[in-house]
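Position in the sequence shown (first residue = 1) + 74 = our numbering.
Note that the Cβ used here is the ideal one computed from N, Cα and C, for glycine as well.
Remarks on the structure that follows.
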Amino acid sequence: MDFLYFDLKYLKQNDIIKAVIEGTECNVILLNSINFSNYKNNREYHYYGGHCKQSPAVITVPHYDHWYLVIDSGNVKVSVSVIEA
């Protein structure tokens with residue numbers, strides 16, 4: 075499985091993740107540490123976000139946790155910023 079990921083560390087509820095994508099459409103998903111582990115090991119996982127057809131992808135953090143942002147698809151260039159609530 076090929077994907078890019080960013081360890082966003084601990085974020086609080088209502089922080090905003092903004093991923094600027096250059097290239098093709100891709101999946102942009104936000105996972106907590108448990109679900110990120112499941113994702114990497116091809117187990118069932120729960121996520122926020124989804125398929126991104128246009129940039130930027132914006133995801134609001136649902137609750138305080140340790141978060142990872144995963145970019146899954148082809149050749150893309152990505153920059154990620156976190157806007158604190």
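- Classified as exposed, V132 has fewer than 16 neighbouring CB atoms from the shown chains inside 10 Å of its CB.
- Contact between Y142 and L82 holds, with the beta-carbon distance rounding to 6 angstroms and staying under 8 angstroms.
- For F80, the pairing in a beta bridge is given by DSSP as L143.
- G97 counts as exposed, since fewer than 16 other beta carbons sit within 10 angstroms of its beta carbon.
- Below 8 angstroms, enough C-beta pairs join the region 125-140 and the region 79-95 to call them touching: three or more.
- In the structure shown, S107 falls within a helical segment according to DSSP collapsed to helix, strand and coil.
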